[in-house]
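**Student:** Below is a structure I'd like to ask you about.
Number of protein chains: 2
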Amino acid sequence: MKKTAAIIGGGVIGGGWAARFLLNGWDVNISDPDPEAKRKISEVLANARRSLPGLSDVETPAEGKLVFAETIAEAVHNADWVQESVPERLDIKHTILAEIQAHCRANAVIGSSTSGFKPSELQQGASDPRQIIVCHPFNPVYLLPLVEVVGGENAALETIENATGILDSLGMKPLVIKKEIDAHIADRFLEAVWREGLWLINDGIATTQEIDDAIRFGFGIRWAQMGLFETYRVAGGEAGMEHFIAQFGPCLSWPWTKLMDVPELTDELVKKIASQSDAQSGRHSIRELERIRDDNLVAMMRALKGQNWGAGALLNKYDSEIKAAEPAEIDNAKPIQTVARSIPVDWVDYNGHMNESRYLQNFCDATDRFMEIIGCDADYIANGGSYFTAETHIRHLSETHSAARTYTTTQCLSGEGKKMHLFHRMFHADGSLLATGEHMLIHVDLATRKASSPGTVVARKLEKIATLHAFLPTPEGTGRAVEQGR
Amino acid sequence: MKKTAAIIGGGVIGGGWAARFLLNGWDVNISDPDPEAKRKISEVLANARRSLPGLSDVETPAEGKLVFAETIAEAVHNADWVQESVPERLDIKHTILAEIQAHCRANAVIGSSTSGFKPSELQQGASDPRQIIVCHPFNPVYLLPLVEVVGGENAALETIENATGILDSLGMKPLVIKKEIDAHIADRFLEAVWREGLWLINDGIATTQEIDDAIRFGFGIRWAQMGLFETYRVAGGEAGMEHFIAQFGPCLSWPWTKLMDVPELTDELVKKIASQSDAQSGRHSIRELERIRDDNLVAMMRALKGQNWGAGALLNKYDSEIKAAEPAEIDNAKPIQTVARSIPVDWVDYNGHMNESRYLQNFCDATDRFMEIIGCDADYIANGGSYFTAETHIRHLSETHSAARTYTTTQCLSGEGKKMHLFHRMFHADGSLLATGEHMLIHVDLATRKASSPGTVVARKLEKIATLHAFLPTPEGTGRAVEQGR
Numbered sequence: 001m002k003k004t005a006a007i008i009g010g011g012v013i014g015g016g017w018a019a020r021f022l023l024n025g026w027d028v029n030i031s032d033p034d035p036e037a038k039r040k041i042s043e044v045l046a047n048a049r050r051s052l053p054g055l056s057d058v059e060t061p062a063e064g065k066l067v068f069a070e071t072i073a074e075a076v077h078n079a080d081w082v083q084e085s086v087p088e089r090l091d092i093k094h095t096i097l098a099e100i101q102a103h104c105r106a107n108a109v110i111g112s113s114t115s116g117f118k119p120s121e122l123q124q125g126a127s128d129p130r131q132i133i134v135c136h137p138f139n140p141v142y143l144l145p146l147v148e149v150v151g152g153e154n155a156a157l158e159t160i161e162n163a164t165g166i167l168d169s170l171g172m173k174p175l176v177i178k179k180e181i182d183a184h185i186a187d188r189f190l191e192a193v194w195r196e197g198l199w200l201i202n203d204g205i206a207t208t209q210e211i212d213d214a215i216r217f218g219f220g221i222r223w224a225q226m227g228l229f230e231t232y233r234v235a236g237g238e239a240g241m242e243h244f245i246a247q248f249g250p251c252l253s254w255p256w257t258k259l260m261d262v263p264e265l266t267d268e269l270v271k272k273i274a275s276q277s278d279a280q281s282g283r284h285s286i287r288e289l290e291r292i293r294d295d296n297l298v299a300m301m302r303a304l305k306g307q308n309w310g311a312g313a314l315l316n317k318y319d320s321e322i323k324a325a326e327p328a329e330i331d332n333a334k335p336i337q338t339v340a341r342s343i344p345v346d347w348v349d350y351n352g353h354m355n356e357s358r359y360l361q362n363f364c365d366a367t368d369r370f371m372e373i374i375g376c377d378a379d380y381i382a383n384g385g386s387y388f389t390a391e392t393h394i395r396h397l398s399e400t401h402s403a404a405r406t407y408t409t410t411q412c413l414s415g416e417g418k419k420m421h422l423f424h425r426m427f428h429a430d431g432s433l434l435a436t437g438e439h440m441l442i443h444v445d446l447a448t449r450k451a452s453s454p455g456t457v458v459a460r461k462l463e464k465i466a467t468l469h470a471f472l473p474t475p476e477g478t479g480r481a482v483e484q485g486r
Numbered sequence: 001m002k003k004t005a006a007i008i009g010g011g012v013i014g015g016g017w018a019a020r021f022l023l024n025g026w027d028v029n030i031s032d033p034d035p036e037a038k039r040k041i042s043e044v045l046a047n048a049r050r051s052l053p054g055l056s057d058v059e060t061p062a063e064g065k066l067v068f069a070e071t072i073a074e075a076v077h078n079a080d081w082v083q084e085s086v087p088e089r090l091d092i093k094h095t096i097l098a099e100i101q102a103h104c105r106a107n108a109v110i111g112s113s114t115s116g117f118k119p120s121e122l123q124q125g126a127s128d129p130r131q132i133i134v135c136h137p138f139n140p141v142y143l144l145p146l147v148e149v150v151g152g153e154n155a156a157l158e159t160i161e162n163a164t165g166i167l168d169s170l171g172m173k174p175l176v177i178k179k180e181i182d183a184h185i186a187d188r189f190l191e192a193v194w195r196e197g198l199w200l201i202n203d204g205i206a207t208t209q210e211i212d213d214a215i216r217f218g219f220g221i222r223w224a225q226m227g228l229f230e231t232y233r234v235a236g237g238e239a240g241m242e243h244f245i246a247q248f249g250p251c252l253s254w255p256w257t258k259l260m261d262v263p264e265l266t267d268e269l270v271k272k273i274a275s276q277s278d279a280q281s282g283r284h285s286i287r288e289l290e291r292i293r294d295d296n297l298v299a300m301m302r303a304l305k306g307q308n309w310g311a312g313a314l315l316n317k318y319d320s321e322i323k324a325a326e327p328a329e330i331d332n333a334k335p336i337q338t339v340a341r342s343i344p345v346d347w348v349d350y351n352g353h354m355n356e357s358r359y360l361q362n363f364c365d366a367t368d369r370f371m372e373i374i375g376c377d378a379d380y381i382a383n384g385g386s387y388f389t390a391e392t393h394i395r396h397l398s399e400t401h402s403a404a405r406t407y408t409t410t411q412c413l414s415g416e417g418k419k420m421h422l423f424h425r426m427f428h429a430d431g432s433l434l435a436t437g438e439h440m441l442i443h444v445d446l447a448t449r450k451a452s453s454p455g456t457v458v459a460r461k462l463e464k465i466a467t468l469h470a471f472l473p474t475p476e477g478t479g480r481a482v483e484q485g486r
């Protein structure tokens, strides 16, 4: 049964909510008096369409229908969920919530995106306070899963249950906060960091760039996968959480932050933390948690490497400096070593060995390096020429495991006109053959996306290597089809 | 020329430093009176060996030599870098630093891992204060790049320059802090969050698990790629940083955190922040920053999906619920739809289309789904049987782009004894054929890693589908080799 959400206030947050609902198959009614609302929403939606469905490896629901309503009444009358994302002023919120409740269904969830107000403040004077809860999301709402759900003492249990069920179905992470407090949980941390950051800038200690780097090259990466307490549990090492608190407890009285109002670290509080931490993470040993943390960090940092951003850009720079230190002379009379690498921990699959698609990733890197050698490098590609792979044949001859040192050689079987025929061999450092990849590539014009002749320099370099490699024995397995007898 | 680092104090942090140096080809001398030091260091090293080299896509240096020194003098006498990571007590640090300086080279860098002490405090009474600086790393030191480098007024410029050059070569991110302050920069944020967290637990607002979830499902993922200020610049939308500060400035006086000591938000401070933010991020428009942020978030969340952890585990749960809602009946008389997905933004490469290795990733998912259909599912695999791909042939017939909706069908060409021969076809949602994948798989015993017969149920289900699919036309392209005429 098709469901409908009403989005009241269509800024960055309201627009993000609209996208989250629409791309999960809900119909969405938007109410926003801003004459620019349509344009703004369409920009958020465009961002969401390009990024959100690809988070899934299954077919996500067909997009719902988007309607810009003339009035709040029109927007909310048939809605199962009403999300209020108007400016952060309590008088405005009260007016809007009253208008919503005058026209919406009695069993609709009314969620407020408020960053700071407590539900009891929002519910003041409401015709039915049981229906109104805080549902505080994080930007970009269409990608980040967290929603803080706070009902306070007046919200109905059914409203909370209804809300968390719906948020689950949207792929979000409802975090139900049982006791209301200003700014809920996450924004209290953000606000503390913000205030500390303002001091550092005010006092000339650091710039915005330096503060951001202090976050994204260090604890920021950790916090994307484990939070504060699980991270410290691991850092505490074998002795765990109590040891950690004992070690860093005394700093509570030191001027390590401007936040000098601290609770007393009584035995009772230490025990409370340690036992909550046991309940949270106790199913894993510290060693297991270390490996989980490291696998997560490697996977995320390698993901950022693909985007050439932050810690990932730093890794690319490190690699290119190692490459720059390699001897420039290449012996073109034998297969060329195009790749050498240790297998990343995140390349291993449920069979306990390197996943098959990573072999092609490795061969793709070998092809990229070969292209670079013949002059089809980043500059050449920026000028509109490149090679596309048309056909590939891979043989998996032996298993490969995480951290194994490997190298890959490339033999050019032919390189004439628009075609380039390569044969890669991937070896373990001990010299045993792990896999072979045979590839046919076609030179293309990136503007027309059609086959085209390579530039003169590339053609000449390719031909030179192809001529020399023609003297090499044809690799075993060349021209093989799948299921051909051995 | 081989370089040597002396690691004074071999706990979690010292051990991490040792691993970082060793795996970058440095020799390492360790000094630690703890009788357990060797075991502890070897555990950190084992973690580092499995994770660090795989961050690189090039061949990293051969590991250096590790020596456990009897005395500090022996450890430091030939060292180019001395890293002090002893307990956080100033008197202990002074004693150790004096002993280091009595025996080390005059041009060695002496870095301290101190979380909180200012360099001027460490340098008090030193024979040569110019040599001693803070080099504060983040756990795990072998993976996380950030090092806060603080010299204070007494350190020599050469020491700082020497240190940053070496840290660069180790793949780290030296952040030089020009004005010393207690706890440097990052730990001030961590300490503020820690103190705020203690209050939330003390007051019964949240548990350690809830606090960690509030971090890792929300702003933690953002902070792994952009820090506080760049994130807020984007959130401010078209009007940028000044708008954002104007919007959230008033909350500075609200009780949103226990940190109530805040600088006055004067016009001067607002301008300072806005102009620093322009210098940091002004080369990108807000729209560009949004896309960069979203691409990073998708890549990292998909990376966590591969690890089935945190936000990634949530995405897997979302997918499995969509799968569970699909009709259970499969028509085995025609090719089976095994995958349907939108192409993730991070699957696109420098040619502006889906990278070739992602086709195999998609076909690998199709094979996994087919295995599941014949009963070779997670339980079966946990019991020791699985299929390994032996050979693959891929044809790239048309380009695929980010966010394109696609589906993949699987035809079983044969399935008898230990062999399974599959043919996948990947289509655009409009029905056009994008690529084909022909695969030969072998059933294996996961204990012996050798070919073996599948279990009875799997064999029977496979045979049933193979028999029905034998009536289908053989797909065009079956049995093709690379560079076979068309």
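Here the protein sequences line up with chains A and B, keeping their order. FYI, the numbering for the first sequence is 1 to 486, going by the working numbering. FYI, the numbering for the second sequence is 1 to 486, going by the working numbering. Using N, Cα and C, we set each Cβ at its ideal position, and we do this for glycine too.
For chain B, is any of its Cβ atoms less than 7 Å away from the one on residue 453 of chain A?
**Tutor:** In the first sequence, residue 453 of chain A corresponds to position 453, counting from 1. Judged by the 7 Å Cβ criterion, residue 453 of chain A is not in contact with chain B.
**Student:** Give the secondary structure of residue 426 of chain B by DSSP, where H, G and I count as helix, E and B as strand, and everything else as coil.
**Tutor:** In the second sequence, residue 426 of chain B corresponds to position 426, counting from 1. Secondary structure of residue 426 of chain B (DSSP, three-state): strand.
**Student:** Would you mind telling me which residues of chain B sit closer than 7 Å to residue 162 of chain A, beta carbon to beta carbon, in chain order?
**Tutor:** Start at 1 with the first residue of the first sequence, and residue 162 of chain A comes out as number 162. The contacting residues do not exist; residue 162 of chain A stays about 17 Å from chain B at best.
**Student:** Go through its chain and collect everything with a Cβ distance to residue 486 of chain A's Cβ below 7 Å, but skip five positions before and after it.
**Tutor:** One-based indexing of the first sequence puts residue 486 of chain A at position 486. Caution is warranted here: a pLDDT of 46 is assigned to residue 486 of chain A, below 50, making its placement in the model unreliable, and no coordinate value can be reported.
**Student:** Have a look at residue 147 of chain B and residue 189 of chain B and give me their C-alpha separation to the nearest angstrom.
**Tutor:** Residue numbering aside, residue 147 of chain B sits at position 147 when the second sequence is read from its first letter. Residue numbering aside, residue 189 of chain B sits at position 189 when the second sequence is read from its first letter. Near 15 Å, if we compare the C-alpha coordinates of residue 189 of chain B and residue 147 of chain B.
**Student:** Can you list the residues of chain B that residue 272 of chain A reaches, using a CB-CB cut of under 7 Å?
**Tutor:** By one-based count along the first sequence, residue 272 of chain A stands at place 272. In chain order: 201.
**Student:** Of all Cβ atoms in chain A, is any one closer than 7 Å to the Cβ of residue 33 of chain B?
**Tutor:** As a first step, residue 33 of chain B must be located in the second sequence, where it is residue number 33. No, residue 33 of chain B lies away from the interface with chain A (no Cβ there is under 7 Å from its Cβ).
**Student:** Less than 7 Å separating the beta-carbons of residue 481 of chain A and residue 481 of chain B?
**Tutor:** Reading the first sequence from its first residue, position 481 is the one you call residue 481 of chain A. Reading the second sequence from its first residue, position 481 is the one you call residue 481 of chain B. Result yes, Cβ atoms of residue 481 of chain A and residue 481 of chain B sit closer than 7 Å.
**Student:** I need the boundaries of the beta strand (DSSP E) containing residue 27 of chain B, first residue and last residue.
**Tutor:** In the second sequence, the residue the question calls residue 27 of chain B occupies position 27. Residues 27 to 31.
**Student:** What does DSSP give as the partner residues of residue 441 of chain A in its beta bridges?
**Tutor:** Here residue 441 of chain A refers to the residue found at position 441 of the first sequence. Paired residues: A/389 and A/420.
**Student:** Which of the three DSSP states is assigned to residue 415 of chain B in this structure?
**Tutor:** The count along the second sequence starts at 1 and reaches residue 415 of chain B at position 415. Reduced to three states, the DSSP call for residue 415 of chain B is strand.
**Student:** Could you compute how far the alpha carbon of residue 53 of chain A sits from the alpha carbon of residue 62 of chain A?
**Tutor:** For the purposes of this step, residue 53 of chain A is taken as residue 53 along the first sequence, with counting starting at 1. For the purposes of this step, residue 62 of chain A is taken as residue 62 along the first sequence, with counting starting at 1. Going by the C-alpha atoms only, they are around 10 Å apart.
**Student:** Flag this pair as yes or no: are the beta carbons of residue 269 of chain B and residue 192 of chain A separated by less than 7 Å?
**Tutor:** One-based indexing of the second sequence puts residue 269 of chain B at position 269. One-based indexing of the first sequence puts residue 192 of chain A at position 192. Contact: no.
**Student:** Given a cut-off of 7 Å, decide if residue 396 of chain A and residue 435 of chain A are closer than it, judged by their beta-carbon atoms.
**Tutor:** The count along the first sequence starts at 1 and reaches residue 435 of chain A at position 435. The count along the first sequence starts at 1 and reaches residue 396 of chain A at position 396. Yes, these two residues count as a Cβ contact at 7 Å.
**Student:** Is residue 164 of chain B helix, strand or coil when you go by DSSP?
**Tutor:** As a working note, residue 164 of chain B is residue 164 in the second sequence. Helix, per DSSP.
**Student:** Determine the closest residue to residue 477 of chain B out of B/439, B/450 and B/447, with distance taken between C-alpha atoms.
**Tutor:** As a working note, residue 477 of chain B is residue 477 in the second sequence. Looking at the Cα atoms, B/439 is the closest of the given residues.
**Student:** Excluding the five sequence neighbours on either side, which residues of its own chain have a C-beta within less than 8 Å of the C-beta of residue 348 of chain A, listed in chain order?
**Tutor:** Taking the first residue of the first sequence as 1, we reach residue 348 of chain A at position 348. Excluding residues within five positions, the ones whose Cβ falls inside 8 Å are 354, 355, 401 and 402.
**Student:** Taking DSSP as the reference, what is the three-state secondary structure of residue 275 of chain A?
**Tutor:** By one-based count along the first sequence, residue 275 of chain A stands at place 275. Correct three-state label for residue 275 of chain A: helix.
**Student:** Of all the options B/432, B/433 and B/411, which has the alpha carbon lying nearest to the alpha carbon of residue 462 of chain B?
**Tutor:** By 1-based counting over the second sequence, the position of residue 462 of chain B is 462. Measuring from the Cα of residue 462 of chain B, the nearest candidate turns out to be B/411.
**Student:** Less than 7 Å between CB atoms is the rule here; does residue 198 of chain A satisfy it with respect to chain B?
**Tutor:** In the first sequence, residue 198 of chain A corresponds to position 198, counting from 1. So yes, residue 198 of chain A belongs to the interface.
**Student:** What did DSSP end up calling residue 129 of chain A once you bin it into helix, strand or coil?
**Tutor:** The residue given as residue 129 of chain A occupies position 129 in the first sequence. Here residue 129 of chain A sits in helix by DSSP.
**Student:** Count the other CB atoms, across all protein chains shown, that sit within 10 Å of the CB of residue 177 of chain B; report buried if there are 16 or more and exposed otherwise.
**Tutor:** For the purposes of this step, residue 177 of chain B is identified with residue 177 of the second sequence, where counting begins at 1. So residue 177 of chain B counts as buried.
**Student:** Hey, how far is the Cα of residue 194 of chain A from the Cα of residue 128 of chain A?
**Tutor:** Along the first sequence, read from residue 1 onward, the residue named residue 194 of chain A stands at position 194. Along the first sequence, read from residue 1 onward, the residue named residue 128 of chain A stands at position 128. Using only the alpha carbons, I get a separation of about 36 Å.
**Student:** Using Cβ-Cβ distances below 7 Å, what residues of the segment 361 to 386 of chain A are close to chain B?
**Tutor:** 361, 364, 365, 381 and 386
**Student:** Taking a Cβ distance cut-off of 7 Å, strictly less, list which residues of the segment 40 to 57 of chain A are near chain B, in chain order.
**Tutor:** 47, 49, 50, 51, 53, 54, 55, 56 and 57
**Student:** Once the 5 residues before and after residue 358 of chain A are set aside, which same chain residues still bring their CB inside 7 Å of it?
**Tutor:** Here the question's residue 358 of chain A lines up with position 358 in the first sequence. Cβ within range, chain order: 347.
**Student:** Chain B partners of residue 21 of chain A, CB-CB under 8 Å?
**Tutor:** Stepping through the first sequence from its first residue, residue 21 of chain A is reached at position 21. Within 8 Å Cβ-Cβ: nothing; residue 21 of chain A doesn't reach chain B, min ~15 Å.
**Student:** Helix, strand or coil, according to DSSP, for residue 394 of chain B in the structure here?
**Tutor:** The residue given as residue 394 of chain B occupies position 394 in the second sequence. Note: residue 394 of chain B maps to strand in three-state DSSP.
**Student:** Given a threshold of 16 other Cβ atoms within 10 Å of its Cβ, counted over all protein chains shown, does residue 299 of chain B qualify as buried or as exposed?
**Tutor:** Taking the second sequence and counting its residues from 1, one reaches residue 299 of chain B at position 299. Result: buried.
**Student:** Hey, quick one: how far does the beta strand (DSSP E) through residue 489 of chain B stretch, first residue to last?
**Tutor:** In the structure as shown, chain B starts at 1 and stops at 486, and residue 489 of chain B therefore has no counterpart that could be examined.
**Student:** Quick one: what's got a C-beta closer than 8 Å to residue 464 of chain B's C-beta in the same chain, skipping five residues either side?
**Tutor:** Counting from 1 along the second sequence, the entry for residue 464 of chain B is found at position 464. Within the same chain, residue 464 of chain B has close Cβ partners 332.
**Student:** Tell me which residues share the same chain as residue 468 of chain B and place their Cβ nearer than 8 Å to its Cβ, disregarding the 5 neighbours each side in the sequence.
**Tutor:** Against the second sequence, residue 468 of chain B aligns to sequence position 468. Cβ-Cβ distances below 8 Å link residue 468 of chain B to 332 and 333 in the same chain, with the five nearest sequence neighbours on each side left out; the list follows chain order.
**Student:** Hey, does residue 145 of chain B have any beta-carbon neighbour from chain A nearer than 7 Å?
**Tutor:** Within the second sequence, residue 145 of chain B is the residue found at index 145, counting from 1. It does; some Cβ of chain A falls within 7 Å.
**Student:** In chain B, which residues lie with their C-beta within 8 Å of the C-beta of residue 430 of chain A?
**Tutor:** Start at 1 with the first residue of the first sequence, and residue 430 of chain A comes out as number 430. Ordered by position in chain B, no residue passes the 8 Å Cβ test against residue 430 of chain A, which lies about 15 Å from the chain.
**Student:** Would a check of beta-carbon distances place residue 492 of chain B closer than 7 Å to chain A?
**Tutor:** Past the boundaries of the shown model lies residue 492 of chain B; chain B is included only from 1 to 486, so the question cannot be answered.
**Student:** Please go through the segment 99 to 160 of chain B and give each complete alpha helix (DSSP H) segment of 4 or more residues, from N-terminal end onward.
**Tutor:** 119 to 123
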